[in-house]
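Line by line, the protein sequences give chains A, B and C. Numbering-wise, our numbering comes out as the position in the first sequence, counting from 1, plus 157. Numbering-wise, our numbering comes out as the position in the second sequence, counting from 1, plus 424. Numbering-wise, our numbering comes out as the position in the third sequence, counting from 1, plus 3. Yeah, the Cβ is synthetic: ideal placement off N, Cα and C, and Gly gets one too. Since the structure comes first, as C-alpha cells, the remarks are kept for the end.
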Amino acid sequence: MAETVVPRAETLGREEQEALLSGCEAIAQACRLADVDVITAYPIRPYDTVMQAVSKLIANGELDAEYIVAESEHSQFEIVKHASAVGARVFVGSSGVGWFYAFEAITVTAGLRLPVVAMVGNRALDDPGAFGVGHSDALAVRDLGWMLVWVDTAQEAMDTALIAWRVSEDPRVLLPCALGADGAFLTHSQHLVKVPTEEQVKQFLPPYNRGDKTLHPDNPITIAPQVNEDWLMEIRKHNDEAMKRAKGVIKEVYKEFKEIFGRGDPESPFFEEYMTEDAEIVLVGMGTLAMPVKVAIRKLREQGKKVGFVRLRWFRPFPTEELQACLSRFKAVGVIDRDYSFGSPSWGGVVFNELRAALYPLQQRPHVIGFICGLGGREVTIENVIEMAGITQKAAETGRVEQDNYWIGLRG
Amino acid sequence: MSTTTVPLARIKGVRDMPVEEYFTSGHRTCQGCESALVLKLMIKAAGPRTIVLGSTGCMYVANTTYYTTPWVVPWMHTQLGSSGSAALGTAAGLKALMRKGKIKEEPLNVIAFCGDGGGADMGLSAISGALTHKHYNFLVLLYDNESYANTDIQVSGLSPWGVNTTFSPPGKAKRILHDRWKKNVAGMMAAGHPDCRYVATGCASFAVDMMNKIRKGLTIEGPAFIHTLDPCPKGWDYDPILSHELGKLAIETGVWPQYEIEDGKLRLNGITKMIAEGKRKRKPVREYLLKQGRFAHFTDDDIDFFQSKVDEMWERWLIPGVIPFAKELEEA
Amino acid sequence: MSTVSVELVYRGIFQRTLARNICRGIVFAARKENKVGIAFGRYGDSPERNGIPAKQFAIVADTDEELQASMALYEPTEVDVTIALDDSLCKGVESWAWYGLQPINKLTKKDGTLLITSLLSPEELLKHIHRKEVPYNIALVKGAASFSGLWVFKDDHTDVRVLGALVKVCPQLVSLEAMEKMIREQWKDELKVTSARTSYERVQIRRVEPGEGNPEEPYRFELPKWQEMEEGIIVRGIPQGGGFHGGEGGYQPGRNPYFKKFTTRTMRPVIDFEKCTKCTLCWLQCPDTCFDVTPDGFYDANMEACCGCGVCEAVCPVPDCIVMVNEAAFDSNESQYEMWQRDKEGYRTWVAEKISLAKSERRSHGFQYRGQYEEELAAMRKEA
Chain A
158 MAETVVPRAE TLGREEQEAL LSGCEAIAQA CRLADVDVIT AYPIRPYDTV MQAVSKLIAN
218 GELDAEYIVA ESEHSQFEIV KHASAVGARV FVGSSGVGWF YAFEAITVTA GLRLPVVAMV
278 GNRALDDPGA FGVGHSDALA VRDLGWMLVW VDTAQEAMDT ALIAWRVSED PRVLLPCALG
338 ADGAFLTHSQ HLVKVPTEEQ VKQFLPPYNR GDKTLHPDNP ITIAPQVNED WLMEIRKHND
398 EAMKRAKGVI KEVYKEFKEI FGRGDPESPF FEEYMTEDAE IVLVGMGTLA MPVKVAIRKL
458 REQGKKVGFV RLRWFRPFPT EELQACLSRF KAVGVIDRDY SFGSPSWGGV VFNELRAALY
518 PLQQRPHVIG FICGLGGREV TIENVIEMAG ITQKAAETGR VEQDNYWIGL RG
Chain B
425 MSTTTVPLAR IKGVRDMPVE EYFTSGHRTC QGCESALVLK LMIKAAGPRT IVLGSTGCMY
485 VANTTYYTTP WVVPWMHTQL GSSGSAALGT AAGLKALMRK GKIKEEPLNV IAFCGDGGGA
545 DMGLSAISGA LTHKHYNFLV LLYDNESYAN TDIQVSGLSP WGVNTTFSPP GKAKRILHDR
605 WKKNVAGMMA AGHPDCRYVA TGCASFAVDM MNKIRKGLTI EGPAFIHTLD PCPKGWDYDP
665 ILSHELGKLA IETGVWPQYE IEDGKLRLNG ITKMIAEGKR KRKPVREYLL KQGRFAHFTD
725 DDIDFFQSKV DEMWERWLIP GVIPFAKELE EA
Chain C
4 MSTVSVELVY RGIFQRTLAR NICRGIVFAA RKENKVGIAF GRYGDSPERN GIPAKQFAIV
64 ADTDEELQAS MALYEPTEVD VTIALDDSLC KGVESWAWYG LQPINKLTKK DGTLLITSLL
124 SPEELLKHIH RKEVPYNIAL VKGAASFSGL WVFKDDHTDV RVLGALVKVC PQLVSLEAME
184 KMIREQWKDE LKVTSARTSY ERVQIRRVEP GEGNPEEPYR FELPKWQEME EGIIVRGIPQ
244 GGGFHGGEGG YQPGRNPYFK KFTTRTMRPV IDFEKCTKCT LCWLQCPDTC FDVTPDGFYD
304 ANMEACCGCG VCEAVCPVPD CIVMVNEAAF DSNESQYEMW QRDKEGYRTW VAEKISLAKS
364 ERRSHGFQYR GQYEEELAAM RKEA
C-alpha cells in the first residue's frame with residue numbers, strides 16, 4: 158500500500174539547527190517551540206501555508222495542539238479567542254479580506270485582553286481579488302488595541318512570533334499581537350533559518366497564566382457584561398494604559414531574547430537602522446521591501462549619495478520618542494507605504510501620516526515625503542528606490558517639498 | 425482520549441429538583457420572560473462545574489445590564505453569531521490544557537447559548553461547523569423568542585409567518601410584510617450533522633422534560649444542540665401572567681413539536697407524542713394566536729392559512745415537525 | 004423667554020406608546036403657540052423591558068437658542084413637571100444596576116409638580132414618595148395605571164387626560180385652547196378633547212412642604228474609578244447561595260448587590276402558606292429566581308428580586324394560594340414567611356385583606372385576548 162503518511166519535516170529541536178524554511182514554515186516551527194495549545198485554520202492565500210506546515214507537525218506528533226479547521230475566518234478568530242479565555246496559548250492567522258471577515262472577533266479580542274497571536278499574510282484587499290502583498294489588511298486594526306509588528310525575513314518571523322507570545326501574555330500587557338508577514342516575498346520564499354531548541358524557548362517563554370482572569374468554574378467571573386455610558390471610558394482606559402506599558406515590556410523582552418538566543422537588537426527593538434549614521438536623507442518602510450531598499454542604498458552609496466534606511470518593526474505600540482530621536486537630525490525623510498488611505502491628509506499612506514504626525518512636535522524636524530509603492534504584490538524595484546531617494550534628496554537640498562505624496566511604479 | 429462528561433442523573437420530577445440556583449436575581453429581563461426561565465433551569469440542570477458562553481441578545485444585554493451579573497457560574501459574552509465557535513473554542517482550550525497537564529483533568533460542562541437571530545440566522549454556519557467536531561463536549565442552546573427581541577423586536581428567521589414586528593408592521597397597503605415560514609432549525613441540525621449525537625426541542629413550560637434534555641445533551645459525549653421555544657411578553661405582546669400557558673398552548677396546538685433525537689433515534693415527547701399517537705387532538709391555532717397582540721391584525725384567512733401550514737406539518741411531513749417532506753415524492 | 008421641561012416616568016413597554024403620545028402631544032400643543040420643542044426617550048433605558056422603569060422627556064421653549072440650552076444636556080437636571088404614569092413608581096425608580104433607588108420627585112423643581120395617575124389619595128402616596136428639601140405640588144389624575152403592549156394600544160384617553168391636567172398644573176407650558184386644538188388635529192376625536200378638558204377641571208392639586216413624605220434614605224452606589232475596576236472587563240460572579248435568611252436549613256440564592264428590583268414590580272405575590280401544598284411550581288417556574296426556600300419547605304417570594312410578572316399565580320394549582328396584588332398597597336418589603344411565623348392570626352387577616360383588594364381592583368397588565376381592550380373600555384365608559 159503506497160506510503161500515504163506525510164513525510165516528516167526535518168527532525169528539529171534537539172540542538173539549534175539550521176533549516177531551510179519559508180516564513181510560514183518558520184512561524185509553524187515557532188508554534189511547536191511555544192507548545193501552542195489551540196490553532197484554528199481556514200484557507201486564504203498567502204498566509205495559509207503556515208497552517209499546512211502546522212498540520213504536518215500535528216500529523217507527525219511534533220506539535221500537541223487542538224488543530225481545528227473552522228468554517229470561516231470569523232469562527233477561526235472566535236474559537237481561539239475563547240480558547241485563550243480559559244488559558245490556552247493560541248495561534249491563528251489570515252490574509253486580506255479573510256482577516257477582514259474576522260474583524261468582529263478581532264475587535265473584541267483586544268477589549269477582552271486576550272493575548273491572541275495572529276499572523277497576517279499581508280495581502281491586497283478586494284475588489285478585485287489580488288493575491289499580492291499589501292499592508293492595508295493588518296494596518297486596519299491599528300486603533301483597536303492590537304500590537305502590530307512587521308518582519309522581513311523568515312528568521313525574524315520565527316523570532317518575533319516567540320517574542321509576540323512573551324509580550325502579549327505578560328500580565329502588564331495582555332494584549333493580542335498581529336505579525337505582518339508580506340505575502341509571497343516572506344510567506345513563500347525559503348530562507349536559511351536557525352531553529353532554537355525547545356529548552357531555549359522554555360527558558361524564554363514562561364507558561365501562559367491568566368491568574369484570576371481565567372474562565373474556569375474554580376474562578377467564577379462574568380466577562381464582558383453589557384455596559385452603558387457610565388462604564389466604557391473606564392474600560393477603554395485599561396487598554397490605553399496596557400499599550401503604553403507594552404513598550405517597556407518589549408524592550409525587556411528583546412534584551413532577554415538576545416541573552417538566550419544571541420539574536421535581536423535590544424538597543425533598538427522597534428526599528429532597524431541601516432547606514433543612517435552619516436546619512437543626509439533616510440527612507441522609512443516596513444516588511445520585505447527592505448531588501449531592494451538596502452541594495453539600492455548600497456548602489457547610491459557607491460555614487461557618494463548619503464542615504465539611510467529605517468525599517469519599522471513595531472507599528473503598534475508606535476515608537477514615537479524613538480523615531481523622533483532617530484529622525485530629527487535628517488533634512489528629509491521618504492516614507493514608503495505599501496498601503497493607501499484614500500482621502501487622508503496629503504492623500505498619503507498610513508505610515509507616512511502617522512510618522513509625519515509623530516515628528517510634528519519636534520523643534521527641528523525633517524521634511525517628510527510619502528511614497529505609495531508595491532501595492533497588490535507589485536515589486537518595489539531598485540529603480541523605484543533610487544527614484545524615491547532622489548525625490549527625498551531634492552527636498553533636502555532645496556529645503557522644499559514640491560509634492561507631499563507620489564505613487565511610485567505606477568503606469569501613467 | 426475524550427474527557428468524560430459531568431455525570432448528571434435524570435430528574436424524576438419537580439420534587440427531585442436540585443435546590444441550588446446559579447442564575448439568580450440581578451438581571452433586568454421583562455416581567456414573565458421565559459428565556460430567563462430557560463437559562464435559570466438550564467444552569468440548575470447543569471450545576472456548578474459549568475462554563476457558560478452567551479452570545480449577544482436579550483439574554484446577554486438584559487442579564488448583565490450595566491456592569492453587573494446574575495451568574496454564579498463563570499460566564500463570558502460572545503458575539504451575536506459566535507455561539508458555535510465559543511463552545512468549540514472553550515471546549516478545545518480546556519481539552520488541550522487538561523491533556524497537557526496545564527490544568528486539572530476533570531469533566532466540565534461547556535454551554536453556549538444564542539437567541540433565534542444569533543443561532544438560526546447569523547450564527548448558523550458556526551453552529552453547523554461546531555456540531556461536526558465530535559471529539560469535543562459542549563451544548564449549544566438556542567433560546568427562541570421568535571424575534572430579535574433585544575433590539576426592540578425585529579423579524580428573525582424563526583419569526584412566525586405574518587407576525588407584527590418593528591420590521592414587519594401591518595400597514596394599510598400591506599397587512600402581511602413577513603411572509604416567510606419559520607425555519608425548522610432542530611430538524612436541520614439533526615439531518616445535517618449525522619455525527620451530532622443529540623438534538624432536541626424543549627420549552628420551559630415543561631421544566632422537567634427540558635432540564636432532562638439539557639442533562640442528556642451535556643452527559644452525551646460530543647456536541648449537542650437544543651432549541652427551546654420561549655414565550656416573550658414584550659415581543660408577543662401579552663400580559664406576562666400568560667407566559668407559562670402560552671408555552672403549553674404552542675405545543676397543544678401542534679405549532680411547536682417537542683422531540684429529541686439521540687444517536688439517530690427520534691422520540692416525540694409528552695403532548696406532542698400523544699397528538700402523534702392520536703391520543704389527543706390538536707387545539708386550533710386560533711386559541712394560541714389570538715392571545716397574542718402580535719397576531720391581533722390577523723384576518724380569518726390569515727388564521728386559516730396558519731392552521732393549514734400546521735396541519736400540513738402534522739399530516740404530510742414524514743415526521744411531524746422534524747422532516748418537512750413526504751415519503752411519496754410524486755404525490756407531493 | 005422661558006423653557007418648560009417635562010419628564011414622563013413609566014413602566015417600560017406597558018406604557019411606552021402612552022408616554023410617547025403624551026410627549027409628542029406636548030410638543031405639538033406648544034407648536035400651536037409657535038413655541039419650539041423636542042421629545043426624546045432616555046437612551047440608557049432602551050431596549051425597554053416590560054415593567055422596568057423608563058423615562059421620556061418633552062422640552063418646550065420660546066426660541067431655538069433656549070431649546071438648545073436644554074438639548075445640550077443628555078438629560079435635564081431638573082424639570083417643571085414629573086409625570087408618573089404608574090403610582091407604584093412613587094416608591095422610587097431603579098432603572099438598572101448601579102443606578103440606586105432614585106426618588107420619583109428627584110428632578111422635580113422647587114414649586115414644580117409631580118403629576119400621578121392613581122386611585123390613591125395624596126396622603127397614601129406620600130407614604131412612599133421620598134421627602135424633598137423644597138416645596139412642590141402633587142397633582143392627581145384619578146384612575147388606575149393604563150397598561151397595554153407594544154403592538155395593540157389601549158386608548159383609554161389616559162394620554163389626553165394627562166395632557167389636560169398638565170395644562171392646569173403648568174399653565175406656562177401652553178393654554179388649554181392650544182392643547183384642545185392639538186388634540187382635535189392629532190386624533191380627530193371630540194371625545195378625547197372632552198376628556199382632556201374634564202381632566203383639566205378635575206385635577207386635584209396638593210401642596211407638599213419640605214419634610215413631608217417617606218424619610219427613608221434611598222440606597223445608592225459609588226461608581227468605581229478605572230483604577231478600581233478589574234482589567235479584562237471582569238466582574239466577580241454572584242456568590243453561591245446558603246441557608247434561608249442566613250440560617251442552616253432551607254436555601255436562599257446569592258443575589259446581585261448592585262441591582263435591586265424593589266421598583267420594578269407593579270404587583271407582588273401574596274402567599275397563603277396555609278393553603279400551600281409545597282408543589283414547588285412557583286419556585287421552579289419563576290423567571291427571576293425570587294423564591295427563597297424556607298427550612299420547612301415553603302417558598303417565600305423575596306421582594307428584592309420579584310418583578311411582579313404573575314407567573315407564580317398562574318402556575319399555582321391551589322386557588323388563592325398565590326394572588327398578585329397591586330404593589331402600591333404595600334409599605335414594606337419584609338418576608339411574608341417571617342410575618343406569618345411571627346403572627347399567624349394577624350397574617351391570615353393581612354392575606355385576606357390583600358386578596359379582597361386584588362379582587363376588587365383587577366388591574367390589566369396588557370393584552371390577554373383580542374377584544375379584551377374593547378370590553379374594558381366599554382366598562383370604563385359605562386362607569387364614567
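| Asked | Found |
| --- | --- |
| CA-to-CA distance, V542 of chain A to V450 of chain A, given in whole angstroms | 6 Å |
| Cβ neighbour criterion (16 or more within 10 Å) applied to G214 of chain C | exposed |
| Coarse secondary structure for M545 of chain A, derived from DSSP in three states | helix |
| Residue(s) in a DSSP beta bridge with V63 of chain C | C:V7, C:G40 |
| Environment of A511 of chain B [buried if 16+ CB atoms lie within 10 Å] | buried |
| Closest Cα partner of P593 of chain B within the set C:D158, C:L153, C:W190, C:V163 | C:L153 |
| CA nearest to the CA of I380 of chain A, picked from A:W388, A:E386, A:T371, A:G253 | A:T371 |
| Cβ-based neighbour list, W738 of chain B, same chain, cut-off 6 Å, excluding 5 preceding and 5 following | G678, P744 |
| Bridge partners - W495 of chain B, DSSP secondary structure assignment | B:F447 |
| C-beta contact flag for I196 of chain A and I225 of chain A at 9 Å | yes |
| Interfacial residues, the stretch 599-629 of chain B to chain C, with Cβ spacing under 9 Å | A628, S629 |
| Where V410 of chain A falls: helix, strand or coil (DSSP) | helix |
| Beta-carbon proximity of Y302 of chain C to V211 of chain C, cut-off 9 Å | no |
| Proximal chain A residues relative to K524 of chain B, where beta-carbon distance stays under 8 Å | D192, D194, D221 |
| Close Cβ partners of V525 of chain A (< 6 Å) along its chain, the five nearest in sequence each way excluded | V490, R513 |
| Partner residues on chain C for K715 of chain B, Cβ-Cβ distance less than 7 Å | Q371, Y372 |
| Contact list for Y491 of chain B against chain C, beta-carbon separation under 7 Å | A100, W101, V238 |
| Within chain B, partners of D387 of chain A - CB distance below 7 Å | Y490 |
| K191 of chain C versus M185 of chain C: straight-line alpha-carbon distance, rounded | 9 Å |
| C-alpha distance - R393 of chain A paired with V441 of chain A, whole-angstrom precision | 31 Å |
| Chain B contacts made by the stretch 370-394 of chain A, where a contact means CB separation under 8 Å | L372, H373, P374, N376, P377, I378, T379, I380, A381, P382, Q383, V384, N385, D387, W388 |
| Chain B residues whose Cβ lies nearer than 7 Å to that of Q154 of chain C | The sequence shown places Trp at residue 154 of chain C, not Gln. The answer, in chain order, is N588, D661, G717, R718, A720. |
| Short Cβ contact (9 Å threshold) for A64 of chain C with V82 of chain C | no |
| 3 or more residues per run - each beta strand (DSSP E) lying fully within the stretch 249-325 of chain A | 274-279, 304-308 |
| Endpoints, the alpha helix (DSSP H) within which D725 of chain B is located | 724-739 |
| Against chain A: residues of the stretch 457-484 of chain B by CB proximity under 8 Å | P472, R473, T474, I475, L477, Y484 |
| Reduced DSSP secondary structure (H/G/I, E/B, other) of W660 of chain B | helix |
| Simplified DSSP state of H395 of chain A, which is helix, strand or coil | helix |
| Stretch-stretch touch, CB-based, cutoff 8 Å, three pairs: the stretch 426-437 of chain A with the stretch 326-346 of chain A | no |
| Which listed residue (C:E233, C:P50, C:G257) has its alpha carbon closest to that of I241 of chain C | C:G257 |
| CB contact flag (V328 of chain C, L360 of chain C, <9 Å) | yes |
| CA-to-CA distance, K607 of chain B to K596 of chain B, given in whole angstroms | 28 Å |
| Complete runs of the beta strand (DSSP E) confined to the stretch 51-130 of chain C [at least 3 residues] | 56-64, 82-87, 111-121 |
| Cutoff 9 Å: M425 of chain B Cβ touching any chain A Cβ | Residue placement at M425 of chain B cannot be trusted, given a pLDDT of 36 that sits under 50; the coordinates are not used to answer. |
| 9 Å Cβ cutoff, S232 of chain A in contact with chain B | yes |
| Alpha-carbon spacing of C656 of chain B relative to L713 of chain B, whole angstroms | 13 Å |
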